[in-house]
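Protein chains in written order, with this note's numbering: chain A, 50 to 386; chain B, 50 to 386.
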């Protein structure tokens, strides 16, 4: 009996390890379990991660006073409680303005694994990206001067900048964005898929393993690969004659390339596509196969892929609601108009 | 030497205990140190505090999907990172609408100590209060049906309601508001003032103790008293000929009574007054003395009172950013119009 169990276990392990190999061959990579390996992946040599920067960056990320109105923080559209986005089709910002290109906020979780940032990939990293929405009129609508004035008005913030960067630090808009970027680099969510890929065959269910096979066979991994299970740039089939693709004027970058979104935590980030026009995950799977792979999936295949995507639901970092320094007479007042 | 130190210590203790007595006589009360005494103060016999309710209530408090737009949560205007309010003169809600009466969001911290809720005291407790902003068109703009549909669409929420109230619980709008109220009851922030009042003479600085004396002598404690250092109902001098009192149409309740705001964490909750028209704490102290007490304070008195108010900055509860259940096909979609 013991022998049979051992044999069955070995067989299961072998099947699992062959699937791991298939997944690796298809370009899928896990978040490493080793903290030092992970740090190598997420760190920025030009702006290394430190505890002091992460703590300060977290505060700035949650501080609505960086916006012109004093009402919108990074966390408003990239809500850490809600899978790292806002659940909206088109993001809503300053003065209740919808994104003029009808673009949906991408999740901040695991965004560190993206090759580039923004849907059109116009930003090389999170530090650079963070400068965008703060200044965009339909988003936080602030100026670099406003941000610096807000932060430097509060001695507690100045003290934390000195702690993070040394006592001679000049607090600039770039440094504020850099610090937010550092915090965002830590927003990594290891999932059952990673545990499976890292050598634990039982971390995924039978359905999820079958789903991974389908995911690879159908060709999803041709775009959704790497550690981010997405995050590279690829051609967007904007010429496809599908009504929903005509919502918004987004056409990708100058070469028609668009960032492939991460599939990590995808069960939490409906609605889908750059313009948020697909409300359900099954719908998104079906339409992507049709538009990008020219394949009509059976219901069974769709369900199977959906099961695998559930194995990408990750464990979120433990984050305390930060306590922000109090405004004072020098702090710029909110302007809602 | 030891004797002199001991004598000086005793003298300081005696002076302190006489000030404690003066403060008690003036109606000022500390947050009790004993957890069971505190529980007696903050609990609601009709809706007793339990860990399961607090955990669920926290999620609901942070969930923007309770609003019509999916963008506004309780925490938007009563931001736990920012002293429990939004730092706005008039609150901004659905479709970027300013409060039509130009009313400022009061802090949720220590709101449990208020005799009544809302500026006009129209609500008896936090459970009842929580029903208001969710339904108000210029705030969260939702209906009870929307809230119930959102919450019951997510099995994880239903499970938590069962855990909190038993398996036969019917999830109603009232139950949702009750649960949010339970969470809010726990948002109590003990401060140096409380430690001082509870028998630790060194918990407040010399300036803060002097300030407490001034606070009592000038008459501030005639309205700002109780455990909340405010929270009762009192006459608002709306007939005063001060320009800023004419901003907004708020005149108190039918008897011209208005809720006295808590002074706990008041250094974090600028701008001041029901219509947020006073930007600085010193300005607020001066104007309140003039309007409500008919007294012109010296700069020294103003600074002294300000010093005492700093001793009301409390320790905020440790709150983890909650992870909310994911929306699904049954969850009502956000409506931003």
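Backbone N, C-alpha and C define an ideal beta-carbon position, used for all residues, glycine too.
Since the model is a prediction, treat every value here as computed from it, not as a measurement.
Within the same chain, Cβ atoms closer than 8 Å to the Cβ of residue 147(B) are found at 139, 140, 141 and 187, the five residues on either side in sequence being excluded. Rounded to the nearest whole angstrom, the C-alpha separation of residue 334(B) and residue 355(B) is 8 Å. When Cβ-Cβ separations below 9 Å define contact, residue 111(B) makes contact with chain A.
Residue 80(A) and residue 131(A) have their alpha carbons spaced roughly 21 Å apart. For residue 201(A), no Cβ of chain B is located within less than 9 Å of the residue's own Cβ. For residue 317(B), the C-beta contacts it makes with chain A under 7 Å involve 375, in order along the chain. Of all residues in the segment 357-370 of chain B, those with a C-beta nearer than 7 Å to a C-beta of chain A are 365, 367, 368, 369 and 370, reading in chain order.
Under the Cβ distance rule, residue 168(A) does not count among the residues neighbouring chain B, no pair being separated by less than 9 Å.
At a cut-off of 9 Å, the C-beta of residue 141(B) has a neighbouring C-beta in chain A. Taking 9 Å as the CB threshold, residue 125(B) lines the interface with chain A. It is roughly 46 Å from the alpha-carbon of residue 323(A) to the alpha-carbon of residue 311(B). For residue 142(B), the three-state secondary structure derived from DSSP is strand. Residue 105(A) sits away from residue 264(A), with the two beta carbons spaced by 9 Å or more.
Taken through DSSP and simplified to helix, strand or coil, residue 77(A) comes out as strand. Chain B has no Cβ within less than 9 Å of the Cβ of residue 156(A). Residue 130(A) belongs to the set of residues whose beta carbon lies under 9 Å from a beta carbon in chain B. Around the C-beta of residue 383(A), 16 or more other C-beta atoms lie within 10 Å, and the residue is accordingly described as buried. Contact between residue 305(B) and residue 164(B) does not hold, since the beta-carbon distance rounds to 17 Å and is not under 8 Å.
Counting along the chain, residue 307(B) sits inside the beta strand (DSSP E) bounded by residues 306-308. For residue 326(A), there is no enclosing beta strand (DSSP E), as DSSP marks it with neither H nor E. By the criterion of a C-beta distance shorter than 7 Å, residue 231(B) is surrounded in its chain by 96, 98, 102, 103 and 106, once the five residues flanking it on both sides are discounted. At a cut-off of 9 Å between beta carbons, residue 378(B) contacts chain A.
Setting aside the 5 residues that flank it on each side, residue 189(A) is surrounded in the same chain by 116, 121, 182 and 183, each with a C-beta closer than 6 Å to its C-beta; the list follows chain order.
At a cut-off of 9 Å, the C-beta of residue 114(A) has a neighbouring C-beta in chain B. Residue 59(A) is classed as exposed because its beta carbon has fewer than 16 other beta carbons within 10 Å across all chains shown. Under the 10 Å beta carbon count, residue 86(A) is surrounded by fewer than 16 other beta carbons and is classified as exposed. Taking a C-beta cut-off of 8 Å against chain A, none of the residues of the segment 337-352 of chain B qualify. Between the segment 336-351 of chain A and the segment 265-278 of chain A there are three or more C-beta pairs closer than 8 Å, enough to call the two in contact.
Under the 9 Å criterion on CB atoms, residue 193(B) is classed as non-interfacial with respect to chain A.
With a cutoff of 9 Å on beta-carbon distance, residue 229(A) and residue 201(A) are scored as not near each other. Sequence-distant partners of residue 158(A) (beyond 5 residues in either direction) whose C-beta falls short of 6 Å from its own C-beta, in its chain, are 133, 236, 238 and 314. Of all residues in the segment 323-337 of chain A, only 328 and 329 come within less than 8 Å of chain B when Cβ atoms are compared, listed by chain position.
In terms of beta-carbon proximity, residue 385(A) lines the interface with chain B, with at least one pair separated by less than 9 Å.
Here residue 369(A) is bridged, per DSSP, to 369(B).
Annotation for residue 282(B): the continuous beta strand (DSSP E) segment containing it runs 282-284. Closer than 9 Å to the CB of residue 147(B) there is at least one CB belonging to chain A.
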